[in-house]
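This report concerns only the one structure given below.
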Amino acid sequence: MGVENSAMHSTPLLRDDYQRIVRRAHDNLASLTAPDTTGPGVRPAVLESWNRSLGRLRDPAGVRVRMAYEADQLAEVRRRHPFHSIMGLLRSHLIEPAKEAGLLVALGDEQGRLLWVEGERAVRNRAESMGFVPGTDWSEDVMGTSAPGLALRSGSAVQISQAEHFSAEVHSWSCSAVPVTHPLTGQVLGIIDVTGGDDAVSSIVLPLLNSTAQAAGAGLSKLYSPDSGGLFPVGTGQGAYLEVTGVRPQLSGSDGTRITLSRRHAEIMLLLARNPDGISGAGLADRLWAFGGSEVTVRAEIARLRRTINHLGDLRLEARPYRLRGDIDSDVERTYRGLAQGDVETAFNFYQGHVLPDSDAPGVREIGAQLQALIRESLLQDGTWQQLWRYAGLAEARDDSEVLMAVLRLAPPEAPERNAAVVRLEALGG
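In terms of the working numbering, the sequence shown is numbered consecutively and its last residue is 622.
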């Protein structure tokens, strides 16, 4: 099932006579004291949500978007959310078909905070004007009546069209959303939302959302161990995790233990993680030293590294060839996976800067140069102006005039970052 030609599937929510009733009722919200005082015609679920919204927010004109997570927090929040483990499934079932139809797909947590907003760049840019961006809180408490907030409140799939939204800023949009529950406990994990024009509330969208939610539950059930009480994903979050981009190299164990690695040990860990079938002693020496490396030196470094990591869960360092045994993931691998899936947002949130920037190891420099080139090109092709501005703040891109020009081309006139980009370009002689 797709969302192509969804305009053919009309819905009563979009009829002119219904929208006139809703707009008139919305104009009279200031006098609303009970669900039956707006006159007939508006759906009861919408009236009830308006009442709750009035009680908390007072005035539809006073609704303000609230950031729950700043950009530098999103990567970790996403990594810990169950949706992260099934992004491939969500992308094939819903995100890509919706994107082709000119719609946005938002994935939020159990409190209505948006973690991902996926779609064509032009549509995402328009949605930014109403604050529909990753990191914002779209719960009913904060934004009033909307599909994400009402889906969480009701525990069921909902559609909100145009003037049914509490905030007038959202009246040019329509949306459908469905909650996703934990496959073992039944607890709500988050919401999946489709936002856009009239097509977002066509009659085929809710079946598609429900189908996607069911597929998500089935996908998650494969990741959760029945004897864990539903707390620990199987094969995700239990292995080691290596961080080598733009930060001091860190290695985390399955028990939460976190150690800082020396540069050389981080280089070895990265090379072995990127080559799961193993590397010979001579091959490792060639990748670690441009000149003067030897297998004897490699053996000494491996012995020290083995003592460092042996207490980190089931992670082991084997020889002949040298290779890692046990579950391990890294920010480099997750960046590559995001790029391979066409998910620039996720990829960039794991990429915190150049891979081990102080390294002079040939193998590491090759990995770093390739990843930097892929990230840069993906951002220039598909990134938002906010992502490009974040990238421009990394050491590797501070003098990148092409990135700064892209910020100027995409950022709205009122964005203060435009002035900063102009100043930097002038300093570069651009």
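Glycine included, each C-beta is placed from N, C-alpha and C at the ideal position.
Owing to the predicted nature of the structure, the values given are computational and were not obtained by experimental measurement.
Inter-stretch contact (C-beta, 8 Å, three-pair minimum) for the segment 285-302 and the segment 371-387: yes
Span separating the alpha-carbon of GLN533 from that of ILE460: 27 Å
heavy atom of the ligand ZN below 6 Å from ILE451 C-beta: Looking at this structure, you won't find the ligand ZN or any other ligand, since it has none at all.
Beta-carbon gap between PRO274 and LEU412 smaller than 7 Å: yes
Assigned exposure category for GLY135 - 16 Cβ within 10 Å defines buried: Given that the chain is displayed from residue 193 to residue 622, the structure contains no residue 135 and the question cannot be resolved.
CA-to-CA distance, ALA392 to GLN354, given in whole angstroms: 10 Å
Residue range of the unbroken alpha helix (DSSP H) whose run includes ASP469: First-last for ASP469: undefined, no H or E at that position.
Residues near GLN406 in its chain [Cβ-Cβ closer than 8 Å; skip 5 each side]: none
GLY382 (DSSP reduced to helix, strand or coil): strand
Distance between TYR528 and ALA565 (C-alpha atoms, nearest Å): 12 Å
ASP521 - DSSP class collapsed to helix/strand/coil: strand
7 Å Cβ cutoff met for ALA432 and LEU507: yes
Distance CB(ALA465)-CB(ILE520) smaller than 7 Å: yes
Burial state of VAL218, where buried means 16 or more other Cβ atoms lie within 10 Å: Checking the displayed sequence, the identity of residue 218 turns out to be His instead of Val. By the 10 Å Cβ count, HIS218 comes out buried.
Touching by the beta-carbon criterion (3+ pairs, under 8 Å), the segment 207-216 and the segment 354-363: yes
Residue burial classification, ASP264 (beta-carbon count within 10 angstroms, cutoff 16): exposed
Ranges of the alpha helix (DSSP H) found wholly within the segment 261-338, counting only runs of at least 4: 263-272, 279-282, 288-292, 313-320, 332-335
Span of the alpha helix (DSSP H) around PRO605: PRO605 -> no alpha helix (DSSP H), and no H or E assigned at all.
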